[in-house]
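To convert a position in the first sequence, counted from 1, into our numbering, add 1008.
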Amino acid sequence: MDRYNAREAEPKWQAAWEEAALFAAQRDPARPKYYVLEMFPYPSGRIHMGHVRNYTMGDMIARYKRARGFNVLHPMGWDAFGLPAENAAIERGVNPADWTYANIAEMRAQLRLMGFSLDWSREFATCDPAYYGQQQALFLDFLEAGFVYRKASVVNWDPVDMTVLANEQVIDGKGWRSGAPVERRELTQWFYRISDMAETLLSALDGLEAWPEKVRLMQANWIGKSRGLQFSFPTRNAPAGFEEILMYTTRPDTFLGATFAAISADHPLARALAKDRADVAAFCAACRRVATSEEALEKAEKVGLDTGITVVNPFLPNQPLPVYIANFVLMEYGSGAIYGCPAHDQRDLDFARKYGLPVHRVFLPADAPEGAGEEYLSQEEAAFVPPKTEPVRYVRPLAGDAHMTGQTAIDAAIARAEAEGVGQGATQFRLRDWGAGRQRFWGAPIPVVHCPVCGIVPEKRENLPIRLPEDPSFDRPGNALDWHPSWKYTTCPDCGADAVRETDTMDTFVDSSWYFARFTAPRAETPTQAEDAAYWMNVDQYIGGIEHAILHLLYSRFFARAMIATGHLPKTAAEPFDALFTQGMVTHETYSTKDARGRDVWHGPDSIIRNEAGARLEDGTPVTIGPSIKMSKSKRNVVDPTDIVDQFGADTARWFVMSDSPPDRDVEWTASGAEAAWKHLQRVWRLAQEALAAGPGVPEDAAPLHRATHRAIADVTEAIEGFAFNKAVAALYTLTNAVAKSRAPGSVRVAAMKVMAQLMQPMTPHLAEELWSVLGGAGFVTDADWPVLDESLLVDSSVTLPIQINGKRRADITVPADAGKDAVEQAVLADATVQKWLDGAAPRKLIVVPGRIVNVVV
RNA sequence: GCGGGCGUGAUGGAACUGGUAGACAUACCGGACUUAAAAUCCGGAGGCUCUAACGGGCCGUGCGGGUUCGAGUCCCGCCGCCCGCACCA
């Protein structure tokens, strides 16, 4: 009997689908649409197993929905701007565009081998001028509508590479590439006004019911809403212009526990003082030397400098508070100034003890005994920070009773402060505006011109796209657009004077913030096309990695709203992704040996001989087997999907990554697992051949196979709908076993195998086509309707009920499925095992759950 | 520190709103076929224990308690692991 030959069948069916243009989506208002999208890849050069898993999930949904009669849009493109292309240019002297497009060609070919049902006619790369030109048009509309603006801000600056660094690119205070100490610089930069939408972006999260709770929480935390009191304290001894300091607190109930105030080193008052006082200047400079990364901040000791200035708390006029400049106060949050309440904040307490400041208690645990120690903390005590919802006993209440919860006290404190004109309730967000300019070459140029006469002037729309030059050079650090001999020199679109282009390019997150909308009309002369956007939006199912839970998804939600406001999307697209699924990673064991100096040397799976006893290199050197972790080049625990396709075919890889592990968890790639998947597909193929060759068989055996087939239809359908692909695979194994055991007539087995082909089509489409074809199915199985479930076949005529005695299973009983409670009770009481346990007595209790279980209490 | 999630055989995992724990698979063991191996097919299997056998018994979902006729599932208290966020005032 012939084996199933994936190497021949897969290209054959891919070509046939292509020929029939099965996956080219056409707008068709008569049919319900379904838009399924996987996060598009960065063209790094090769696809990896993570891609295979991600796109197989999307393909399963796309193929399943198509079979259910939906008009499916399932596009693919390339998130093609970014630093790796520039690094390749610097290291190897290649042109970033050439490098990128070569990678795209390579990866496109690899993706096509997988047989995904993608509409390749909609493909684009974000580095295509046709794409980023429309992005520039969007930018101009956003600028006009006020969604984009310029402001000065403090950034991490690498003085060697001459570029701004993201916090993630600062390692131990040094630039990740240059190793130079990072400076904090104030630069004028482009920003998206996302913070104005903080409230909307937060409250709309509630409506995203088909998003993982985890992602919604992460976004909510990132937006970081807090309710508190904003107020000013009058100053003494402060320079002119600083008669008061604006502050913010979320715990105004601790107002009377304030014993000091602190401002950021970047606070205007600190800067003013630094001009005249060397000690202040030196201290502030030292604070700034610490990079803004969280890691660096956490390690830094909390230090402060007494300015000699004091502020007066209007509720404690006789206790002026010293004002410190402190390294832990952030200018970016609130107003850059705080008061310290050491008794109820550990950080403030550490600071107070270090500088010998008083520690005044505001409240005690509700059940604390009255008496000594009520007003001041002893030296050993930690700060008392109970949840706001917990009732406590106030010894220094600003307003309200002695006994109340923190929240009640906060509300009362705000009310009193407002009534006395001392401050007002205010909401703060952690979310800051999105700095969207990068001093890099390989990004979409920001389409504005700096004119010495007119200032910042938007480029004329008819001049878009503003293309990147095709001949950049990377022989010196910094932004190649800046060094280009001619590119930036232009004339002012308004007055015609000599002017220079903006050389900042857009953050690559901009590119990915609207590509899903562009896919609905990828060749339109405007960013989107109204009918297409109205028909295809929203994305019904979005699938990608959890690593994009915050930035990409938040920026996309912002962009969708800004695009609605500027007329590029229908109002219904404010939340562009109806459902989100975050898939787990593909992991693999790691293999290491030690070199002469005792350092780890990593080995790839294909250089290892692995058996039960362990692992060794081909020359016999024993190898240490490490835990299964995400496939990565540095640990070399990578399996190339193309190798698997060569060896077993795409269907095997697809089947394997859907098996065993739930899609939101990690799946461990193993050689034996891949082989087992391949064997299973071969087995299915063999069963089809056997079914075709089978004779009349045993007619009585037709019914069980018929039932097993419909059980599989029910289970696979439910599993796919519920994103439980591992259970869909399990249900198909069960059906396979049923066919293998069946002695039903050949025609019945052929019918079962045709259903098998239909149910396997979303996972292993090539094998499914081959089966469908030899079994005599009409047309493509890819184009066939989903099999129709006959629910009556799911019900058995009799059921076996377990019998528990005192909650322990002791026996079982088979009764007609429609047997009434009385009939079941009688049958149970007649059962030999039950009679043995009852020993002649009547049961104390008899619980019958129809169709489920019986419990006898003796 | 804050927030979230998870602990089930050798392994990945399954178990609907409390109702036969371990589906399905991997690895493993035994058998058939074969000169042999591979492939394939058939069978076994949570642990302990009693029995010559057929069949029983006890224990068992991280640990300890609770609710219930009945708990992997619900409640309380611990332990461990993973992930995200964090000088956020």
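We put the beta carbon where it would ideally sit given N, CA and C, even for glycine.
Indicate the three-state DSSP secondary structure (helix, strand or coil) for Lys1233 in the structure shown. As a first step, residue 1233 must be located in the first sequence, where it is residue number 225. In this structure, Lys1233 counts as strand in the three-state DSSP scheme.
Looking at the ligand ADP, does it come within less than 7 Å of Ala1831, judged from the CB to the closest heavy atom? This structure simply doesn't include the ligand ADP, nor any ligand for that matter.
Leaving out five residues on either side along the sequence, give the residues of the same chain with a beta carbon under 6 Å from the beta carbon of Glu1302. To locate residue 1302, count along the first sequence from 1; it is residue 294. Low per-residue confidence applies at Glu1302: pLDDT is 42, beneath 50, and the placement is therefore not dependable enough to give any value.
Please report the straight-line C-alpha distance between Tyr1063 and Arg1691, rounded to a whole angstrom. The count along the first sequence starts at 1 and reaches residue 1063 at position 55. The count along the first sequence starts at 1 and reaches residue 1691 at position 683. Going by the C-alpha atoms only, they are around 25 Å apart.
Segment limits, alpha helix (DSSP H) that includes Ile1112: Within the first sequence, the letter at position 104 stands for residue 1112. In the DSSP assignment, Ile1112 falls within the unbroken alpha helix (DSSP H) covering Pro1104 to Leu1121.
Less than 8 Å between the C-beta atoms of Val1337 and Ser1272, yes or no? If you number the first sequence from 1, residue 1337 lands on position 329. If you number the first sequence from 1, residue 1272 lands on position 264. It is a contact, given that the beta carbons lie within the stated cut-off.
To the nearest angstrom, report how far apart Asp1314 and Tyr1157 are at their CA atoms. On the first sequence, residue 1314 is found 306 positions in, with the first residue counted as 1. On the first sequence, residue 1157 is found 149 positions in, with the first residue counted as 1. A direct Cα-to-Cα measurement between Asp1314 and Tyr1157 gives close to 37 Å.
Applying the criterion that 16 or more other CB atoms from any shown protein chain within 10 Å of the CB defines a buried residue, is Gln1227 buried or exposed? In the first sequence, counting from the first residue as 1, residue 1227 sits at position 219. Burial check for Gln1227: the Cβ neighbour count within 10 Å reaches 16 or more, so the residue is buried.
Suppose contacts are defined by Cβ-Cβ distances below 8 Å. Is Ala1280 in contact with Pro1328 by that definition? Against the first sequence, residue 1280 aligns to sequence position 272. Against the first sequence, residue 1328 aligns to sequence position 320. Going by C-beta atoms, Ala1280 is not nearer than 8 Å to Pro1328.
From the DSSP secondary-structure annotation, give me the bridge partner or partners of Val1631. Numbered from 1 along the first sequence, position 623 holds the residue referred to as residue 1631. Looking at the DSSP assignment, Val1631 forms a beta bridge with Ala1623.
Boundaries of the beta strand (DSSP E) in which Ser1161 is found, first to last residue: In the first sequence, residue 1161 corresponds to position 153, counting from 1. Note, Ser1161: beta strand (DSSP E), Val1156 to Asp1166.
Using a threshold of 8 Å, state whether the C-beta atoms of Val1172 and Val1163 are closer than that. Residue mapping note: residue 1172 aligns to position 164 of the first sequence, counting from 1. Residue mapping note: residue 1163 aligns to position 155 of the first sequence, counting from 1. In contact: Val1172 and Val1163 (Cβ atoms closer than 8 Å).
Leaving aside the five residues before and after Ala1032 along the sequence, list all residues of the same chain whose C-beta is less than 6 Å from its C-beta, in chain order. The residue labelled residue 1032 in the question sits at position 24 within the first sequence. Taken in chain order, the residues that qualify are Asp1127 and Ser1129.
How would you call Leu1305, buried or exposed, if buried means at least 16 neighbouring beta carbons within 10 angstroms? In the first sequence, the residue the question calls residue 1305 occupies position 297. Confidence in Leu1305 is poor, its pLDDT being 48 and thus under 50, which makes the residue's placement too unreliable to answer from.
Quick one: using the 10 Å Cβ neighbour count with 16 as the cut-off for buried, is Ala1299 buried or exposed? If you number the first sequence from 1, residue 1299 lands on position 291. Per-residue confidence for Ala1299 stands at a pLDDT of 49, beneath the threshold of 50, marking its modelled position as unreliable; no derived number is given.
Is the distance from the Cβ of Glu1583 to the Cβ of Leu1216 below 8 Å? Start at 1 with the first residue of the first sequence, and residue 1583 comes out as number 575. Start at 1 with the first residue of the first sequence, and residue 1216 comes out as number 208. Result yes, Cβ atoms of Glu1583 and Leu1216 sit closer than 8 Å.
Touching or not, the stretch 1712-1723 and the stretch 1697-1704, by the rule of three or more beta carbon pairs under 8 Å? No, because fewer than three Cβ pairs between the stretch 1712-1723 and the stretch 1697-1704 fall closer than 8 Å, the two stretches do not touch.
I'd like to confirm the pairing. Which residues does DSSP put opposite Ile1902 in its beta bridges? Examination of residue 1902 is not possible in this model, given that the chain is present from 1009 through 1866 alone.
With Pro1773 as the anchor, note down where its alpha helix (DSSP H) starts and where it stops. Numbered from its first residue, the first sequence carries residue 1773 at position 765. Pro1773 to Val1782 is the span of the alpha helix (DSSP H), which, as asked, contains Pro1773.
Rounded straight-line distance, which links the Cα of Asn1013 to that of Tyr1543: Taking the first sequence and counting its residues from 1, the one referred to as residue 1543 is at position 535. Taking the first sequence and counting its residues from 1, the one referred to as residue 1013 is at position 5. Roughly 41 Å separates the two Cα atoms.
Check each candidate in Phe1656, Glu1708 and Ser1680 and name the one with the smallest Cα separation from Leu1775. Here the question's residue 1775 lines up with position 767 in the first sequence. For the residues Phe1656, Glu1708 and Ser1680, the minimum Cα distance to Leu1775 belongs to Phe1656.
Are His1556 and Met1068 closer than 8 Å when you measure CB to CB? By 1-based counting over the first sequence, the position of residue 1556 is 548. By 1-based counting over the first sequence, the position of residue 1068 is 60. For His1556 and Met1068, no; Cβs fall outside 8 Å.
Buried versus exposed, by CB contacts within 10 Å (16 or more), Arg1852: Here residue 1852 corresponds to residue number 844 of the first sequence, with the count starting at 1. Exposed: under 16 other Cβ atoms inside 10 Å.
Hey, is the stretch 1034-1049 in contact with the stretch 1067-1081, meaning 3+ C-beta pairs nearer than 8 Å? Touching, yes.
Asn1335 and Val1311: beta carbons closer than 8 Å? As a first step, residue 1335 must be located in the first sequence, where it is residue number 327. As a first step, residue 1311 must be located in the first sequence, where it is residue number 303. Pairing Asn1335 with Val1311 gives a Cβ-Cβ distance under 8 Å.
May I ask you to verify whether the stretch 1456-1468 touches the stretch 1506-1519, counting CB pairs closer than 8 Å and requiring at least 3? Three or more beta-carbon pairs separated by less than 8 Å link the stretch 1456-1468 to the stretch 1506-1519, which places the two stretches in contact.
May I have the straight-line CA-CA distance separating Gln1766 from Pro1530, to the nearest angstrom? The residue you call residue 1766 lines up with position 758 of the first sequence. The residue you call residue 1530 lines up with position 522 of the first sequence. One C-alpha to the other measures close to 32 Å.
Limits of the beta strand (DSSP E) - the one that Ala1819 falls within: Here residue 1819 refers to the residue found at position 811 of the first sequence. Start and end: Lys1816 to Pro1824.
Is DSSP giving Phe1132 helix, strand or coil here? Residue 1132 sits at position 124 when you count from the first residue of the first sequence. Three-state DSSP puts Phe1132 in coil, outside helix and strand.
Taking just the CA atoms, how far does Arg1469 sit from Gln1354? Sequence index remark: in the first sequence, residue 1354 carries index 346 (1-based). Sequence index remark: in the first sequence, residue 1469 carries index 461 (1-based). Approximately 56 Å, taken between the alpha carbons.
Can you tell me whether DSSP reads Val1223 as helix, strand or coil? Taking the first sequence and counting its residues from 1, the one referred to as residue 1223 is at position 215. In the structure shown, the three-state DSSP call for Val1223 is helix.
Should Ser1386 be labelled buried (16 or more other beta-carbon atoms within 10 Å of its own) or exposed? Residue mapping note: residue 1386 aligns to position 378 of the first sequence, counting from 1. Exposed, because fewer than 16 other Cβ atoms sit within 10 Å of the Cβ of Ser1386.
With burial defined as no fewer than 16 other Cβ atoms inside 10 Å of the residue's Cβ, what is the status of Asp1479: buried or exposed? The residue given as residue 1479 occupies position 471 in the first sequence. Asp1479 comes out exposed.
Inter-residue CB distance, His1275 and Met1339 (contact presumed, cutoff 8 Å): For the purposes of this step, residue 1275 is identified with residue 267 of the first sequence, where counting begins at 1. For the purposes of this step, residue 1339 is identified with residue 331 of the first sequence, where counting begins at 1. Rounded, the Cβ-Cβ distance is 6 Å, consistent with contact.
Separation of Thr1258 from Asp1608, as counted between CA atoms: Here residue 1608 corresponds to residue number 600 of the first sequence, with the count starting at 1. Here residue 1258 corresponds to residue number 250 of the first sequence, with the count starting at 1. Taking the straight line joining both Cα atoms gives about 49 Å.
Looking at the unbroken alpha helix (DSSP H) that takes in Gln1655, where does it start and where does it end? Taking the first sequence and counting its residues from 1, the one referred to as residue 1655 is at position 647. In the DSSP assignment, Gln1655 falls within the alpha helix (DSSP H) that extends over Pro1649 to Gln1655.
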